[in-house]
Amino acid sequence: MHWGGSYFATRHWRIAVLAAAGLAAITGGAAEAQKKVIRSVPIGSLKIVDPIWTTAYITRNHAYMVWDTLFALDANNVPQPQMVDSWTVSDDKLTYTFKLRNGLKWHDDAPVRAADCVASLKRWAAKDGMGRALWEFVASIEAVDAASFKLALKQPVGFVLDALGKIDSNVPFMMPERIANTDPNTQITEVIGSGPFRFIKEEFVPGSKVVYEKFEGYVPRQEPASQAAGGKVVKVDRVESTYLPDAAVATGALAKGELDLLESPSDDLMRTVEKNPNVVIEPNDPLGYQLFLVINHLHPPFDKKEARQALMWGIKQTDYLAAIISDPKRYQACVAVFGCGGTNESRLGAEALSGFDPAKAKAMLTVAGYDGRSLVVMDPADNTILHPAALVTAQMLRRMGATVDLQAMDWSTLTQRRASKDPPGQVGWNLFVTNATLTGIGNPLLHTYIKNCEQAWYGWPCDKKIVDLTRQWALETDSAKRKAITDQLQQAHMENVSYIPLGQYRSIIAYRKELTGLIRAPSLFYWNIEKR
Amino acid sequence: MYGYVARRILATLPVLGIVAVVVFAILHLSPGDPAALIAGDQATPQQIAEVRNKLGLDRPLYQQFAVWLSSLASGDLGVSIFSNQPVTRLLAQRMEPTISLTITTTIVMVLLAVPIGVIAAWRADTWIDHAVMSLAVLGFSLPIFVVAYLLIYGLAMTWDVFPVQGYTPLREGIGAWANHLVLPSLTLGLSFMALIARITRASMLEVLSQDYIRTARSKGLGPRQLLIDHALANAAVPIVTIIGVGVALLLGGVVVTESVFAIPGIGRLVVDAILTRDYPVIQGVLLIFSGVYVLLNLMIDLLYVVLDPRIRY
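Chains as they are written, first to last, in my numbering: chain A, 63 to 594; chain B, 1094 to 1406.
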């Protein structure tokens, strides 16, 4: 009897425990179901979490979730305060004093201090091009008190706020001092920010999945969201960002509702869902990308300015743009080296590039001394944008009477090959096509690809006049005078043919109609998005 | 027997050593620069050189190999150049989806292929045999990604029976786990099923022509007993061999299947690592794969003893 009583008591207890567990599972499941979750496919696979260690856009985009910035560009690409509450500039324009907003805290609940910002800026300036340019003029930077810090310059410059608010990699994200003190060439291991989302370390599968949850302690600004500036109000509980390498499967999953958002959908496959009433397809980045031809200035025939100018006469920008983007509404011919639509747009000196005359191009190439040798065009066959552009380049050269050696390779190999200064017959090269965001090339200091001489990118152009003009632009604080210098730079680049702009295009995003409030920007921001 | 197993396990060590040297040499002699990818497009050559130096990629190859080998000796597969995480942790994260996919695919291919092969042999040279073998040839000829797209289009997009993509860990429920694995397992299983069905048929045909089968038939045994108890049991050795080979081949097949169905397994890990030249990850995964290959072969050899008592080691 005792045994039976015990048995039943135990059995009832088991039933009670199981029922409780079941109820907990059901209610827990219901709570999970009530959570607002955005399931998205990012532009690439996230492996590197440190936005200072790399310039990869996927890492920049991840960083905008987790970390915040002192300033940020609004929809007019004007820097606006973000973590900064107020700032002053001394009369001699040599001292900037910044005061942080009240209530800022890190995801571990520690308060954000001025010392954190000082350390973060130092680490950023050691890596970023614009940061390094700014630091050439910085005499000192130090915390004044817990909420204020001071930046002292050796001489006045006009781009302090532009640098602190830049939206292109590397963005000066603020990190806790202990993390920001990491060697700039060593990747950080702790992902603690003060941004609107928390990084969920336990769910991070590098290269596959990254999960963020709303940071309840974040205090957004009062202004409405405007590109990277304004109030970062989070309206969902969680973002699950899973990389899908197969574009067709990603498109199918979006159409079926398994996914909410594709940050970089396949252009061709959008035709299969463009009539789906539950899917919205639209350009996201207001300015988009510039496509450009990189020319090796070290080896014949393009060591001669005349041969490079011949290329400009042989190029028809719309041939390139139509090869990479199916919708003509999403691309435009543009001869401005700093891009069309930005504050530094200038189209001077581009008669050759907009003139398209293959016969003249052919004649000029011959006059420049081209001897019929094979011209090496590097073709990154694994890149859906750059591969067709390489094919168009080969066709353009053949039209000019050149012999072309189109060398297919993957992007990783190209990044190694482009560093070679050897002759094209060996490891070297003559030409390749690549791209960059307009926000990344919008001014002479940002535009890495057309730096000349000691600071030159691959291709190694060198014109001292361009170096001098770039420095003048950096020092100039008057916007009208800056514009005049920009015009001179545009003409100088066209004259020496540092590189050749091939036009610009806008990428698209695709999302379920349940999502509203998406912000137009070069990076996809998940604040302000509502999910019905 | 135990001596044989010990000798075979010891014999794997030189195999793994050769694999290590070959993989290291191929990877490091092929073009591609992870430092340039990490530093990004806008980095100066000096910045890229700094990253290369920090990662130790500017050291002579023999030094890099010595460092890797000494880490390997202590069971350390190194650290990913990109994610800065130990390769063992990355492998552990990716292990469950790949093992799940391998097991479910093996189940699918064995459960479908062996009966099909037996039936084809039993009804040799009839329309059933011809149909089965035609399907087998088709299954083996179709590329995996084509099968995947067809199954996704039919069973996920059109009839909405299964999800298009993704993976749910087993801890989140066996139903969701299995639901996400049906299409990938069918995709991968169909091609290998064809191979096993053909071998099963050939092996069964040979056994069915033996005298003892005729004797068993003349004693009045029914087809089920005849085929399963007498014929299949004696035809098992080549069938098990080909199943073992099939499981080993699956490791190659998961690379495509995991990419198409967005399964975060080891196949995806190694593809990403190859594209970015993440040397420690590639080396670690290939070493593990070759170890699994060797162990699978050993298991098959040991199974022979169970299936055929005449075999002795």
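Every residue, glycine too, gets a C-beta built ideally from N, C-alpha and C.
Tell me where the beta strand (DSSP E) around residue i begins and ends.
i	result
A:G565	562-567
B:Y1242	Premise fails: B:Y1242 lies in the alpha helix (DSSP H), 1237-1244, not in any beta strand (DSSP E).
B:I1196	Where B:I1196 is concerned, there is no enclosing beta strand (DSSP E), although the alpha helix (DSSP H) it sits in stretches over 1180-1215.
A:V202	Just to set this straight, residue 202 of chain A is Ser in the shown sequence, not Val. 200-205 is the span of the beta strand (DSSP E), which, as asked, contains A:S202.
A:F573	A small fix is needed here, since residue 573 of chain A is Tyr in this sequence, not Phe. Run containing A:Y573: 570-574, per the beta strand (DSSP E) assignment.
A:M440	436-442
A:E275	271-276
A:T499	493-499
A:R260	259-261
Taking C-beta to C-beta, are residue i and residue j nearer than 8 Å?
i	j	result
A:L321	A:A310	no
A:V253	A:V140	no
A:L108	A:T117	no
B:L1109	B:S1383	yes
B:L1130	A:S474	yes
B:R1187	B:P1357	yes
B:A1241	B:V1353	yes
A:V341	A:A572	yes
A:I229	A:T578	no
A:P450	A:I377	no
Could you give the residue range of the alpha helix (DSSP H) that holds residue i?
i	result
A:P345	First-last for A:P345: 341-345, but that is the beta strand (DSSP E), not the alpha helix (DSSP H).
A:Q617	Residue 617 of chain A lies beyond the stretch modelled for chain A, which goes from 63 to 594, so this question has no answer here.
A:R185	176-189
A:M237	No alpha helix (DSSP H) contains A:M237, which DSSP labels as neither H nor E.
A:N123	119-128
A:D147	Run containing A:D147: none in the alpha helix (DSSP H); it sits in the beta strand (DSSP E), 146-151.
B:A1355	Per DSSP, B:A1355 belongs to no alpha helix (DSSP H) and is neither H nor E.
A:T455	448-461
Does residue i come out as helix, strand or coil in the three-state DSSP assignment?
i	result
B:Y1397	helix
A:L331	helix
A:E302	strand
A:T244	coil
A:I105	coil
A:T159	strand
B:F1158	helix
B:P1262	coil
A:L85	At A:L85, the pLDDT of 42 sits below 50, so the modelled position is not reliable and the matter cannot be decided from this model.
B:N1272	helix
A:I357	strand
A:G90	Note that A:G90 scores a pLDDT of 44, beneath 50, so its modelled location is shaky and nothing firm can be said.
A:T477	helix
A:L323	strand
B:T1117	In the sequence as displayed, the identity of residue 1117 of chain B is Phe instead of Thr. It is helical.
A:Y393	strand
B:D1222	helix
Name the chain B residues whose beta carbon is nearer than 8 Å to that of residue i?
i	result
A:R479	P1124
A:K263	Chain B residues near A:K263: none, gap ~11 Å exceeds 8 Å.
A:S107	D1365
Please compile the residues from chain A whose C-beta is within a distance smaller than 9 Å of the C-beta of residue i.
i	result
B:P1179	What B:P1179 touches in chain A: nothing, since even the nearest Cβ is about 11 Å away.
Taking residue i as the query, report the chain B residues whose CB atoms sit under 9 Å from its CB, ordered along the chain.
i	result
A:I110	I1131, F1175, S1176, N1177
Closer than 8 Å by beta-carbon distance: list the chain A residues that pair up with residue i, in chain order.
i	result
B:M1250	G314, A317, K318
B:A1271	Residues of chain A passing the Cβ test: none, with the nearest at roughly 17 Å.
B:S1352	P307, D308
B:V1257	V311, G314, A315, K318, E320
Mind listing the chain A neighbours of residue i? Cutoff is C-beta to C-beta under 7 Å, in chain order.
i	result
B:L1183	P268
B:Q1186	V267
B:P1138	A481
B:E1143	N247
B:K1312	Within chain A, no residue comes near B:K1312; the closest Cβ sits about 54 Å away, beyond 7 Å.
Quick one: which chain B residues come within Cβ less than 7 Å of residue i?
i	result
A:T475	P1124, G1125
A:T539	Within chain B, no residue comes near A:T539; the closest Cβ sits about 25 Å away, beyond 7 Å.
Chain B contacts from the segment 324-340 of chain A (Cβ-Cβ distance under 8 Å)
none
Could you list the residues in the segment 1355-1386 of chain B with a C-beta less than 7 Å from some C-beta on chain A, going in chain order?
A1355, P1357, R1361, L1362, D1365, L1368, T1369, R1370
If contact means a Cβ-Cβ distance below 7 Å, which residues of the segment 229-251 of chain A contact chain B?
S231, N247, T248, Q249, T251
Using Cβ-Cβ distances below 8 Å, what residues of the segment 494-507 of chain A are close to chain B?
So the close ones are T496, A498, G502.
Output needed in chain order: residues of the segment 166-197 of chain A with a Cβ under 8 Å from some Cβ in chain B.
K189, G191
Contact list for the segment 114-137 of chain A against chain B, Cβ threshold 8 Å
Answer set for the segment 114-137 of chain A: W115, T116, T117, A118.
Proximal residues, the segment 569-592 of chain A versus chain B, C-beta separation under 7 Å
none
Residues in the segment 282-311 of chain A having any Cβ partner in chain B nearer than 8 Å
So the list reads T304, Y305, L306, P307, D308, A310, V311, given in the order they occur along the chain.
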